[in-house]
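Residue numbers (UniProt numbering): 1 to 324. Ideal Cβ positions, reconstructed from N, Cα and C, are used throughout, including at glycine. So the structure is just underneath, and the comments pick up after that.
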Ligand SMILES: Cc1cc2nc3c(=O)[nH]c(=O)nc-3n(C[C@H](O)[C@H](O)[C@H](O)COP(=O)(O)OP(=O)(O)OC[C@H]3O[C@@H](n4cnc5c(N)ncnc54)[C@H](O)[C@@H]3O)c2cc1C
């Protein structure tokens with residue numbers, strides 16, 4: 001890795017000051033820095049100004065409103081989310097996903113907002129400048145060719161964030177603040193399936209908070225497969241939320257990560273009302289397969305990742321249905 005390039009750092013104390021600072025061309029948000037700073041040390045990006053969001057008053061607050069909605073400031077650390085008693089009691093899948101990100105020292109600094117907005121990854125991108133230059137760079141950054149899907153006009157770098165799928169199956173929304181004001185976006189709509197531009201945020205917009213509705217009647221869980229269990233991105237990760245009515249699926253939401261350029265919901269409407277048996281399991285596996293697009297973007301093999309994804313989806317549902 002290189003030493004960090006030169007940039008200016010600002011540390012505003014309010015969201016409106018942060019939005020004003022980010023409106024300037026060449027400015028980018030900085031939160032825990034666990035994703036952004038290693039990337040900058042690899043020569044991936046040349047921001048003129050980093051706007052450190054961690055000094056914003058109330059940016060890390062976690063609260064539950066009178067209507068039971070959980071509000072988590074985007075600056076809350078993953079450690080805080082994973083250990084919060086209210087999150088553990090009522091939205092355990094969120095605590096679980098946060099606790100599975102990277103290693104303990106990362107989670108102490110890494111924020112929820114940074115986790116959602118983290119960059120996409122690829123074996124042809126997360127390399128030193130020297131390595132990438134030897135390859136003629138790539139479509140995601142400084143080059144004009146995708147080495148994963150040659151002749152493609154879009155980048156296929158993969159999104160590997162763990163927390164997004166958990167928020168998606170909880171029907172969570174993101175509060176986005178920018179020069180034009182505040183807007184509320186379903187978490188799934190924060191993402192676009194394009195490796196080089198995978199966020200729907202406009203320049204200058206900041207993710208301010210996440211709003212999670214009460215999940216009464218639902219059970220949910222997240223699981224991931226990674227090369228090193230103590231500290232690693234998901235090769236594939238699946239979150240499932242289930243509502244059961246006797247022997248029938250009364251509600252089912254499935255979201256996946258680690259396989260496509262965005263975390264994606266899997267359509268499951270056709271499974272509602274059915275019992276959970278081998279036939280329904282096969283229908284779920286086929287639905288997951290249809291949405292997934294596993295390509296050679298990690299060192300782990302494509303076939304392995306695809307098999308892992310399908311197996312994790314089924315196993316997760318088995319676990320929720322049987323309660324163990
Ligand atoms: C060894 C290693 C292992 C890792 N393993 C995992 C893993 O298992 N799972 C996983 O999900 N991630 C993993 N990561 C990636 C990263 O550590 C986490 O995603 C972390 O949560 C990023 O949060 P941060 O606050 O450090 O973000 P930063 O690095 O500060 O920011 C990340 C990106 O988000 C933008 N950003 C930050 N906050 C906001 C905001 N509020 N609004 C708009 N944009 C914002 C920044 O501009 C930047 O582009 C790993 C990283 C490393 C180095």
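From the DSSP secondary-structure annotation, give me the bridge partner or partners of residue i.
| i | result |
| --- | --- |
| residue 265 | 255 |
| residue 52 | 30 |
| residue 3 | In DSSP, residue 3 forms no bridge with anything. |
| residue 9 | 50 |
| residue 245 | 248 |
| residue 71 | 63 and 211 |
| residue 199 | 191 |
Does residue i pass the burial test, meaning 16 or more other C-beta atoms within 10 Å, or should it be called exposed?
| i | result |
| --- | --- |
| residue 91 | buried |
| residue 303 | exposed |
| residue 142 | exposed |
| residue 299 | exposed |
| residue 249 | buried |
| residue 14 | exposed |
| residue 34 | buried |
| residue 45 | exposed |
| residue 32 | buried |
| residue 29 | buried |
| residue 151 | exposed |
| residue 4 | exposed |
| residue 255 | buried |
| residue 321 | buried |
| residue 286 | exposed |
Give the single residue among the options whose Cα lies nearest to the Cα of residue i.
| i | options | result |
| --- | --- | --- |
| residue 56 | 43, 19, 33 and 63 | 19 |
| residue 168 | 144, 259 and 97 | 97 |
| residue 126 | 15, 238, 36 and 306 | 36 |
| residue 308 | 234, 266, 297 and 323 | 234 |
| residue 208 | 28, 113, 216 and 226 | 113 |
| residue 122 | 277, 297 and 54 | 297 |
| residue 182 | 166, 206 and 306 | 206 |
| residue 305 | 153, 226, 164 and 69 | 226 |
| residue 67 | 170, 213 and 54 | 213 |
| residue 79 | 85, 60, 87 and 107 | 107 |
| residue 87 | 166, 322 and 148 | 166 |
| residue 118 | 109, 161 and 133 | 161 |
Keeping to the same chain, check which residues put their C-beta closer than 7 Å to that of residue i; ignore five residues upstream and five downstream.
| i | result |
| --- | --- |
| residue 252 | 242, 268, 271 and 272 |
| residue 262 | 159, 191, 192, 193 and 198 |
| residue 139 | 145, 146, 155 and 196 |
| residue 179 | 19, 23 and 204 |
| residue 231 | 102 and 103 |
| residue 171 | 213 |
Among the residues of its own chain, which have a CB less than 8 Å from the CB of residue i, if the five just before and after it don't count?
| i | result |
| --- | --- |
| residue 58 | 73 |
| residue 359 | Given that the chain is displayed from residue 1 to residue 324, the structure contains no residue 359 and the question cannot be resolved. |
| residue 38 | 1 |
| residue 8 | 48, 49 and 50 |
With a threshold of 6 Å on Cβ separation, who are the neighbours of residue i within its own chain once the five nearest residues in sequence on each side are excluded?
| i | result |
| --- | --- |
| residue 228 | none |
| residue 247 | 275 |
| residue 173 | 184, 186 and 211 |
| residue 291 | 264 and 266 |
| residue 71 | 63, 209 and 211 |
| residue 11 | 52 and 55 |
| residue 84 | 62 |
| residue 188 | 168 and 265 |
| residue 99 | 82 |
Answer with yes or no whether the minimum CB distance from residue i to chain B is below 8 Å.
| i | result |
| --- | --- |
| residue 115 | The question asks about chain B, but that chain is absent: this structure has only one protein chain. |
My understanding is that residue i touches residue j, with C-beta atoms under 8 Å, so please give their C-beta distance in whole angstroms.
| i | j | result |
| --- | --- | --- |
| residue 284 | residue 314 | 7 Å |
| residue 217 | residue 237 | About 24 Å separates the two Cβ atoms, so there is no contact after all. |
| residue 240 | residue 221 | 6 Å |
| residue 116 | residue 164 | 6 Å |
| residue 109 | residue 77 | 7 Å |
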